[in-house]
Structure formats: structure tokens, C-alpha cells
Amino acid sequence: MTSIDDTPAGPALSSLRRARDRFLGGRPPGDGVPEDLAQAWRRARFFGVPRDLTAPPRVRPPVDPPLLAAARPALDRVAPTLSGGMGLVLVDSRCRALWSGGGRYAGTSADVAGLDLSEKAVGHNSAALALRTGRRAEVHGPEHFLDLWQDVSAVSVPLYEPAAGRPAGAVTVVAPLAEDRTAHPGAAIAEATAHAVETELLGRARPPERLLLDAYLRQRADGAAVVALDGSSRLVSPEAARLLSHETLTRLERRATALVRDADTRPEGARTGAPEENTGPEGARAGTPEENTGPEGPRSAAPEESAGPEGAHTATPEAIAAPEEFAVPEEFAVPEEFAVPDGAGLTVRMSRLTHGGEVIGAVATVCPATRRARAAERHDHDRLPGLVGTSRPWRLAVSGAMELARSAEPLLLIGEAGVGKTALARALLTLRGAAAPRVVDAAEQVPGEVPRWCHALAEREGGGPPLLLRHAERLGQSDVAALLSLLERRPAVPLVATHTPGAPTGPCLSRLLDILSARSVALPPLRERVEDIPALLTAFTGHPSPGRPPLTWSLDARRALEQHTWPGNVAELAHVVREVAERRRATGPVRREELPYGLRVPPATRRLSGMERAERTAILEALRRHGDNKARAAESLGIGRATLYRKLRAYGMDQA
Numbered sequence: 042m043t044s045i046d047d048t049p050a051g052p053a054l055s056s057l058r059r060a061r062d063r064f065l066g067g068r069p070p071g072d073g074v075p076e077d078l079a080q081a082w083r084r085a086r087f088f089g090v091p092r093d094l095t096a097p098p099r100v101r102p103p104v105d106p107p108l109l110a111a112a113r114p115a116l117d118r119v120a121p122t123l124s125g126g127m128g129l130v131l132v133d134s135r136c137r138a139l140w141s142g143g144g145r146y147a148g149t150s151a152d153v154a155g156l157d158l159s160e161k162a163v164g165h166n167s168a169a170l171a172l173r174t175g176r177r178a179e180v181h182g183p184e185h186f187l188d189l190w191q192d193v194s195a196v197s198v199p200l201y202e203p204a205a206g207r208p209a210g211a212v213t214v215v216a217p218l219a220e221d222r223t224a225h226p227g228a229a230i231a232e233a234t235a236h237a238v239e240t241e242l243l244g245r246a247r248p249p250e251r252l253l254l255d256a257y258l259r260q261r262a263d264g265a266a267v268v269a270l271d272g273s274s275r276l277v278s279p280e281a282a283r284l285l286s287h288e289t290l291t292r293l294e295r296r297a298t299a300l301v302r303d304a305d306t307r308p309e310g311a312r313t314g315a316p317e318e319n320t321g322p323e324g325a326r327a328g329t330p331e332e333n334t335g336p337e338g339p340r341s342a343a344p345e346e347s348a349g350p351e352g353a354h355t356a357t358p359e360a361i362a363a364p365e366e367f368a369v370p371e372e373f374a375v376p377e378e379f380a381v382p383d384g385a386g387l388t389v390r391m392s393r394l395t396h397g398g399e400v401i402g403a404v405a406t407v408c409p410a411t412r413r414a415r416a417a418e419r420h421d422h423d424r425l426p427g428l429v430g431t432s433r434p435w436r437l438a439v440s441g442a443m444e445l446a447r448s449a450e451p452l453l454l455i456g457e458a459g460v461g462k463t464a465l466a467r468a469l470l471t472l473r474g475a476a477a478p479r480v481v482d483a484a485e486q487v488p489g490e491v492p493r494w495c496h497a498l499a500e501r502e503g504g505g506p507p508l509l510l511r512h513a514e515r516l517g518q519s520d521v522a523a524l525l526s527l528l529e530r531r532p533a534v535p536l537v538a539t540h541t542p543g544a545p546t547g548p549c550l551s552r553l554l555d556i557l558s559a560r561s562v563a564l565p566p567l568r569e570r571v572e573d574i575p576a577l578l579t580a581f582t583g584h585p586s587p588g589r590p591p592l593t594w595s596l597d598a599r600r601a602l603e604q605h606t607w608p609g610n611v612a613e614l615a616h617v618v619r620e621v622a623e624r625r626r627a628t629g630p631v632r633r634e635e636l637p638y639g640l641r642v643p644p645a646t647r648r649l650s651g652m653e654r655a656e657r658t659a660i661l662e663a664l665r666r667h668g669d670n671k672a673r674a675a676e677s678l679g680i681g682r683a684t685l686y687r688k689l690r691a692y693g694m695d696q697a
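Structure follows, in C-alpha cells:
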């Protein structure tokens, strides 16, 4: 269940009625209508929803839906307590009505099963909005598209099943419209009902699902970075999402799938790593990953499982074999921990979950580096020239890269454009003490550079300058073929490559990147290390021109910089510092008003659609390009100045 604060007062209902009438009459609704509401009306018109529907259309209702079976006890308790004409409605994930009770709102018959309340059928309404946004939603009177609901106010709260990533349905409370447009009187009832239904859903969850969720929550309670997987779904804590790349999470998921599949297909008694189950003495606890960790680090997992009530095994972890994607040698039979390609000295402890003697999934806990590794991380980071930043994501990435760079083998640095991959690569090559590297930028399409280096290195069978290869994703076919041929003959070649994900890759390039990813480090984007911005500002400011004071930054300006999403990462920040320094004529700390327009604007206060985000970005870029001159920006965008001002207000950008 996801809640939001009470809906703030919006435009008066009388003005919304006039705007709706204008819109339905074929005219623009006016500037006073929130853009998301105007878009909802446009979608209804696009879907061909008739405004004068006498009742929502019907579709085939689901047969014995599990959601209704779980929600019915709570709904039956709440419905008789409703007063003031309020009614209660339950819809599924497709916005099909499953049940209603309490008071009746206009146009709804007693038999609601199968009523289609989706936007395509009835236009804007709170149930469809809650399912789309995953948050509590309120829709009042004239905000509805249908004439049928002009005197109705509704609030809907989404319902989440255990381990579900999106709403499985929604609870809606409807009431007569109040002209003062205050928060919906049934909001608290809807929240409480949704909580009761979700509690019932949790209690009815299949034992394997419940065990997986319990194991995840138990680890999360201690603030651990944890991932729970059963081969078909995964739960990822925010800490784990920050530390592990998408590629690593995918590999962990594949490993969990293999665990469950192997447990299902192997003959009884032939499953490796599954010792005979024994019932421990009374009061014995089920093992958890925390219990296998002592002050000196992880200990071996308990070889026996403790039976819980009714003989069900309560999420007992066992040490499992590391995934083959992480290239753990076979001699380390069934290791408890293994390193991940994200590096940074992190390891993952992956534990099986069993139920009734069957493997039902796994829980992977991201383990911090040992004290020695942390000390080495700090000292090593201090020795790297030209790098700025002390945030944990950045330090972990740098220390992981340094660990891999100690051997003269290929190294791949992965990250978004502008995160500092080339700067780190140069620092690592300097640390190695090798000859000056040959730098090749694949984006510049210099023909023959990579093949010539590969040929020279193969001829010498020894020394030679290392290669710093930028933008590996832009390599040509001949370059890829030369590198693959060299790696087949000499796997340990002095190569540091940078890769910016996102561009489509062919099969040969994908094979090369797969080979290099065995020794790779992912660098965090700037938005994940905003605590480094003050140090980066100092580094980029450098020495002032003669006769000019050093550039300093006010607290308000720094806050604006920390709120920015930085799609261009550190490179974009460096550009902003140069731009401010060149344009600045005032003295004293840089104020928020002196920043480029796109940085003065706070983040959007509501969730924007893809088209809205693109439009907002285009407006910001036009204003930046024309020095915040709104008339010129509007002209370059091909819109009138009044339209630009209206869009600035709609996106909350008019106060910048």
C-alpha cells in the first residue's frame, strides 16, 4: 500500500466545470486547469469515451478472483460502517469492478461485477489513476470525464500483493461531492481498508512466497543490502540497488532460477549441497546469514536445518555454489561468499531457502569489505592522481578498479557518459607505472589504430605501451576482430577500455564486451554521489584569473546543484562551472540566480509522462541556449510567448 499526503486544494470546482464545458465544446480548457488533468480529458476523447454514458460498460468478470476472496472479509466489515451516502468499490489490476457495498453513487447498479472502470472505457477516475501511478488518488466532481459522476468525489488506494512490483487492484471510497473541494472524507477509510486487505493477502500467500518475503524483511530490518529471488521475481533493497549493477542483479536472478530448476529436476537424494534434514532440539533457531557472521568475518553455514512448526523449514540458508557467470574456480566447492564484477571489494553471500526439502529461492546479501580492504581502499584512493570524491559509491568503485588494475590484464570501466571513466583509466595506468598509453577513441573512427596496436603487441610477445580504448561501444568490425583475435592468443593484454551502455551492439561486439566484463567496474553517476559536488566544485574552479577573487558558492546555489539530476554527470558539472566563471561579473559567492536556468528550476513536483519530460527538457535547453531570454526561447521552439509562460507554470518552472 502506498500513501501520499492529502490532496492540496486545487482550482475551484466552479472554474473546473467551466473548463470542462469548454473542453467538451471543442475549445481549450484554459490556463487554470492542471496539465495532467487536461491530458486525462484528452486521452478520454482520444479513446472515444462518450460523455453521456448512463453506466460503465461491462466486460467478462474474472471467475473466483483471489483478490476478492482475500478482500471480502475486510470489505464486509467496513461497508456497514459507512455513512453519508459513501460507497465502497473493489477493482482488480485491469480496473474491473469486483465488489461494491455501502451507499450507492450515481449510475452504479447493485451488481457491479464486471463493470469496466478503465480510462479507455469511462475516462478519468480515481481507481484508474491509482493503478497507473501506484499511489493514492482523488478525483472530484468535474474532474471526471463522464456526466454521470459530476456530483461524485472518489478516493482510491492501490493494493499490492506480497512481493508484487505493481498494484494488484485498488480500493475506492465514493461520496457525494463537497463544493469546498477539501480532502476526501473517506481517505482514511480507504487507507485502512487497503491495509487490512494487504494483510490478508500476506497471510494467504503461498508458503514459499511467504518464506521468501519473511527472509527478505528479516535481513532488511538490520539495514542490510539484500536481494531475494525465486527465479520468477525479485525483491531488491534500496541499498542493494545502489551497490549492484543491473547486470549483476540479472546474473543473481539467473542463478536463483538455476537453483530452483536443478532442485526440481534432480532425483531424490541426488541434490548436491542439500544434506539430510534433521530436526534440532527444542528451541533451536533457524539459521540466518547474520548468525553465520562473527567478529572476524563470515563463518561456515550450519550444515543442518532446523525444523519449524508443522515441520516447515523456516528460511534456513545454506552455502551455495557461486554462479558460473562470476567465474569462481571449481576447486572452491560450494563457497559461501563470492566477489561480484561490480568490484569495489564487495562480496555477495547467497543462501538457499528451502521448504519441505525443496529449494524455493535464494537470498543474496551484499557484504561490506573487510577492515583491511577498507583501510587499503582509503590509502589506495589517496595515491590516485587527478581523482576527486570521497563518497562511498565513488570510493568503492575506485578501490575495486585498483584491485583489478594490479595485474596487467584487460580492464573494462562501465558507466554513463561523463562519469569520469577516462580520468580513472589514466590514473590507473599511471599507477601501474607502465609506458605512456596509446589512446584510441572509437567515437572518432580512426581506421587501423586498434589493429596496428594488436599486431605490434602480438609481434613483440612482451612489452609495449598499454592501450586506453575510449568508447568501446563504437568500435568498428575490423577493430573488434583484431581485439578478439589478440585476446584468444594472449588473454592478459595491457588494455583499459571504457564502455557507455545504451547503444545497440552486434554479436561480435557483444562477445568482446562479455569477455572484458569478467574484469569490469561500474562507475556511479553523479546523481548517486552528490556529496562529492562541493569537492568537485573546488577542483573545477581551479586558480582564478589575475585580479579576480576565487569562485565560491552560496549554500542555496549548492543545494540547487545537488537537486539537479545531472544527465551529463561530472562533465556537465565542469561545463556549468566554466560557464558561470566566464559569464560572472558580480563578487561574493555564486548565488542560485546566477546558475543556468535549468539548474535554478527545482525538480518536477509531480510525476511526468515521457512526453512531458521531453517537453520540459526541450524548454530548459532552449532557455539555456538563449541566455534565459524567454521570447527567443519561445521563437526557437516554434510556440508563442504566452504558451511558453503557460507551460512554465504547468511544470512549476515559473519561479526560477
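Here the sequence shown is numbered in our numbering, starting from 42 and rising by one per residue. Note that CB positions come from ideal geometry on N, CA and C, so glycine has one too.
query: Whether residue 270 touches residue 380 by CB criterion (8 Å); result: no
query: Cβ contact (3+ pairs, closer than 8 Å) linking the region 138–145 and the region 54–61; result: no
query: Inter-residue Cα distance where the pair is residue 127 and residue 216; result: 4 Å
query: Residue burial classification, residue 192 (beta-carbon count within 10 angstroms, cutoff 16); result: exposed
query: CB of residue 211 within 8 Å of CB of residue 196, strictly; result: no
query: Residue 511 and residue 484 closer than 8 Å at C-beta; result: yes
query: Member of 556, 656 and 528 whose CA lies at the smallest distance from the CA of residue 680; result: 656
query: Under 8 Å between C-beta atoms of residue 460 and residue 567; result: yes
query: Cα-Cα separation between residue 469 and residue 437, rounded to whole angstroms; result: 15 Å
query: DSSP-derived helix/strand/coil call for residue 185; result: coil
query: Closest Cα partner of residue 517 within the set 401, 466, 548 and 175; result: 548
query: As assigned by DSSP and simplified to three states, the class of residue 143; result: strand
query: Selected residue, minimal CA-CA separation from residue 530, among 509, 508, 537 and 495; result: 495
query: Residue from 82, 207, 201 and 114 with nearest C-alpha to residue 160; result: 82
query: Residues sharing a beta bridge with residue 179, DSSP; result: 196
query: Nearest-angstrom Cα separation, counted from residue 439 out to residue 231; result: 49 Å
query: Residue 471 in three-state terms, based on DSSP; result: helix
query: Residue 212 in three-state terms, based on DSSP; result: strand
query: Residue 54 beta carbon less than 8 Å from that of residue 164; result: no
query: Which of helix, strand or coil DSSP assigns to residue 408; result: strand
query: Endpoints, beta strand (DSSP E) assigned at residue 55; result: Residue 55 -> not in any beta strand (DSSP E); alpha helix (DSSP H) instead, spanning 54–65.
query: Neighbourhood of residue 594 by C-beta distance below 7 Å, restricted to the same chain and skipping five residues each side; result: 578, 630 and 631
query: Environment of residue 208 [buried if 16+ CB atoms lie within 10 Å]; result: buried
query: Whether residue 542 touches residue 523 by CB criterion (8 Å); result: no
query: Option in 557, 546, 488 and 79 with minimal Cα separation from residue 527; result: 557
query: Segment contact flag, the region 81–100 with the region 172–188, C-beta cutoff 8 Å, min 3 pairs; result: yes
query: Exposed unless 16 or more other CB atoms sit within 10 angstroms - verdict on residue 64; result: buried
query: From 427, 434 and 648, residue whose alpha carbon lies closest to that of residue 562; result: 434
query: Backbone secondary structure at residue 688 - three-state DSSP; result: helix
query: Three-state secondary structure assigned by DSSP to residue 278; result: coil
query: Distance, residue 108 Cα to residue 174 Cα; result: 20 Å
query: Those runs of the beta strand (DSSP E) which lie wholly inside the region 558–631 and span at least 3 residues; result: 561–563
query: Opening and closing residue of the alpha helix (DSSP H) in which residue 652 lies; result: 651–666
query: Simplified DSSP assignment, three categories, for residue 399; result: strand
query: Cα-Cα separation, residue 261 to residue 388; result: 17 Å
query: Nearest-angstrom beta carbon gap, residue 525 and residue 574 [assumed within contact, 8 Å]; result: Rounded, the Cβ-Cβ distance is 40 Å, inconsistent with contact.
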